[in-house]
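Each residue of the sequence shown is one higher than the one before, counting from -15 in the numbering used here.
Comments concern the structure below.
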Amino acid sequence: MVDAGYFKKAESAITSALERAAGANPAREALLFERERMRRILMDFSLEESEALAQLRQQVPDLRQAEFDEWADAGLIEHRVIDGRKLYFNRSISNLFRLSPEAAERRADPKPFRDGPMESFNAHHIAIAEAAMSSGKSSVLPQQVRVTQTLTVNADAVPAGEAVQAWIPFPREIPGQQEDIRLLDSEPAKADMAPASVAQRTVHMEKPARAGQPTTFSVQYEMTVYARYHDIDGERVLPTPNDPALAESLAERPPHVVFTPALRAFSRDVVGNETNPYRITQKLFAAVDRIPWAGAREYSTISNISEHALRTGFADCGQQTLLLITLLRLNGIPARWQSGMVYSDSQVGGADRAGYWNLHDWGQVYLAPYGWVPMDVTTGRMPGAIDGQGRSLEWFYLGGLDAYRIAFNGDFSTPFEPAKRHFRSETVDSQRGEVEWSGGNLYFDQWTYDFNTEVLLP
């Protein structure tokens, strides 16, 4: 009912079921979350048609109603019908200009999109590949970085005197990718760091709310980040070994990694008769890379993210990554999740990108005999890219990573340590943080977050 847009019917069914469900149990929690999911969907789909039309006309002043309708009917202006009302996604207009070249050409002020510096081939990619191939090492060009992350709860979001609990994402130790992680400071000073073995690692802190004042939490740490590169020879890649350690990375994992009929059909069309695991990976990587990027609704509102990405025909980094993971596993190729933050400094981004940072999701794929290698399908292929020796770097991000990213997570939808008592704001990823108090979860509209990096001199 929720996915079909019948919210009033769903609310009635939830109310009746809750009356029959006694005490705390998983079924009751699931019902309560469906109620919360509807609330979150309505926050994402907050625009009436007149408001979406007005937003678009700010950038396309001569827009005709018929053009708007045509783009909406084609799925380029994302919307849903909820209880008979057509409601538009609050990022649908900015997404339109990424999805439709025709719409982008109509903008009165066609400013360039603000993408990260690694979205385009640059000297950093060349330096990584050349350092790896000349040294024979897959981890190269280490950088020391100091990071400060802040989470600020809105004033009076929690009654004065009540304890506010926050979980700020924190990097995991990953040999050869990020090492020597040292917590330097925190606010408040008492902080509980989750073990490095926790897949979605955080620092947990607690602080009393004060009337009329925001409640601020922060952590500062230093670490070493490596660039990575594997010069993969497809002819050397072997079939996936029968190793129990890989079983989890080959399996379905509802609700977001499911081998649905639609994904099976898509896989058959893309893979064809190919049997080499690397060539299959390349084909699937390229197919998912062709799906255009667009700002996404909150993951907690989506029933099956990989199927959603395929069905809508556009996706953000996490949706693309989950789709690729699902397709690889469907083809017997182990794949798993990584996510965290990407950032920049003046060395790679210039002065206008020195303060750039953004949430980002990517993954790893297992290719024998190379083992686990990185894959970033959203940054994707770089056609025409070559190093100083004339060697192609088109597939840099299938086997390589830049040195301007920090991984907080080695899996998706896994519990925190210590665990949250209430629903998470983000049920899949962990990049912004989480907050709650005894009265419930604090959703994203009740707090803000910040991320600052300083690349230190060797």
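Here a beta-carbon is modelled for each residue, glycine too, at the ideal position from N, C-alpha and C.
The structure displayed is predicted, hence computed values, not measured ones.
Per DSSP, cross-strand counterpart(s) of residue i
i	result
H188	W151 and D176
N74	Paired residue(s): none; N74 is not in a bridge.
I370	S376
R212	S123 and L385
I25	According to DSSP, which records beta bridges pairwise, I25 is partnered with nothing at all.
E420	Q149 and N425
E206	R130 and R166
F201	L135
E438	R130
Y350	W356
C-alpha distance - residue i paired with residue j, whole-angstrom precision
i	j	result
E219	V124	25 Å
T363	L40	28 Å
A235	S409	26 Å
Y350	L311	13 Å
S0	F407	21 Å
L71	I61	10 Å
G446	T186	Since the first residue of the chain shown is -15 and the last is 442, residue 446 is not available in this structure.
G372	A107	10 Å
T305	I110	24 Å
P245	N393	29 Å
E146	M(-15)	37 Å
F(-9)	H214	49 Å
I30	N74	According to the sequence displayed, residue 30 carries Ser and not Ile. Answer to the nearest angstrom: the Cα atoms are 6 Å apart.
Y388	S330	12 Å
T296	S119	44 Å
V203	D28	30 Å
N260	Q184	33 Å
A92	E51	16 Å
A280	A178	29 Å
R248	D99	32 Å
F400	G7	24 Å
P94	L168	43 Å
A87	E35	18 Å
T200	E190	10 Å
Y354	L385	15 Å
A11	R4	11 Å
K267	R320	18 Å
Nearest residue (CA-CA) to residue i, options the options
i	options	result
K404	F392, E418, D395 and D413	E418
G347	Q322, D217 and A88	Q322
V326	T285, A391 and M359	A391
Q149	P172, L168, Q162 and I165	P172
A175	M22, G100, P153 and V412	P153
P143	E420, F97, P261 and V439	E420
I112	T411, R375 and R23	R375
W277	L294, V137 and A58	L294
D53	F250, I370 and E33	E33
A369	D217, A193 and F105	F105
A211	R48, A115 and F396	A115
S519	P159, R48 and R130	In the structure as shown, the chain starts at -15 and stops at 442, and residue 519 therefore has no counterpart that could be examined.
A338	V242, Q415, E438 and W431	E438
Y433	D273, S290, T136 and L377	T136
S397	V412, G384 and F243	V412
Y340	W379, V272, A38 and E103	E103
P239	L80, R252 and S290	S290
V182	N425, D429, W431 and D395	D395
P192	E206, P155 and A141	A141
Sequence-distant residues of the same chain with beta carbon closer than 6 Å to residue i, five excluded per side
i	result
N436	T132
W356	Q348 and Y350
C301	H344, D345 and T362
A195	A144
D67	F(-9) and K(-8)
I264	V255, E258 and N315
P451	Because the chain spans -15 through 442 in this model, residue 451 falls outside it and cannot be assessed.
7 Å CB neighbourhood of residue i in its chain, flanking five on each side removed
i	result
F269	L308, M359, V361 and L382
E157	E163, I165 and A180
V332	P101, N106, H108 and Y388
A(-6)	M(-15), V(-14), E18 and M22
Q415	P153, S323, G324, M325, L343 and F392
A139	G196, Q197 and P198
Other residues of its chain near residue i: CB distance less than 8 Å, five sequence neighbours each side excluded
i	result
L230	T224, P318 and Y350
R24	E282, S284, T285 and Y427
A352	V221, L222, P223, T224, P225 and P261
Write down every uninterrupted run of the alpha helix (DSSP H) in the region 269 to 346 whose length is 4 residues or greater and which is fully enclosed by it, in chain order.
-> 289 to 296, 301 to 314 and 330 to 333
Runs of alpha helix (DSSP H) lying entirely within the region 7 to 58, each at least 4 residues, in chain order = 10 to 28, 33 to 43 and 49 to 57
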